[in-house]
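In my numbering, the protein residues as written are 48 to 181.
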């Protein structure tokens, strides 16, 4: 299960938050995506560094006057924490994503990277081949 994986950190924002505020969060965290959540902390969108580049910088727009909801990608592709790592891996491949938010009870608990999913699948296969099937 995905719960066994080492999940990455994530940063959240709200749909009414300005892009300059999100940019500061992104810079402080070193992450390339900010997940936009609703009042119940459920993911409703994502703003990436590419969104900043393509929708703001390249078009000479001021990020202070633009809200997250105006540029966010929605819906957010997620996978439940109770799903298998293999399912998450293939979903990322299908969606051409390098990482995917993992949710539990509708809320993000971490980010699973493609590399971590692959590492876990290889580790599981090695254990099976060594007779240590869990």
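Note that the Cβ used here is the ideal one computed from N, Cα and C, for glycine as well.
Count the other CB atoms, across all protein chains shown, that sit within 10 Å of the CB of residue i; report buried if there are 16 or more and exposed otherwise.
i: residue 104; result: exposed
i: residue 145; result: exposed
i: residue 100; result: exposed
i: residue 107; result: exposed
i: residue 140; result: exposed
i: residue 80; result: buried
i: residue 119; result: buried
i: residue 67; result: exposed
i: residue 159; result: buried
Quick one: give me the first and last residue of the beta strand (DSSP E) that residue i is part of.
i: residue 156; result: 154 to 160
Please determine, among the options, the residue with the shortest C-alpha to C-alpha distance to residue i.
i: residue 155; options: 169, 170, 118 and 93; result: 93
i: residue 82; options: 167, 56, 102 and 131; result: 56
i: residue 123; options: 137, 113, 108 and 142; result: 142
i: residue 136; options: 173, 65, 60 and 163; result: 163
i: residue 74; options: 91, 95, 54 and 61; result: 95
i: residue 121; options: 151, 149, 112 and 90; result: 90
i: residue 151; options: 63, 178, 165 and 88; result: 88
i: residue 98; options: 85, 84 and 113; result: 113
Determine the extent of the alpha helix (DSSP H) in which residue i is found, giving its start and end residues.
i: residue 117; result: 115 to 118
Assuming residue i contacts residue j under a Cβ cut-off of 8 Å, what Cβ separation, rounded to an integer in Å, is found between them?
i: residue 167; j: residue 132; result: 5 Å
i: residue 157; j: residue 54; result: 3 Å
Per DSSP, what kind of secondary structure is residue i in: helix, strand or coil?
i: residue 93; result: strand
i: residue 151; result: strand
i: residue 85; result: coil
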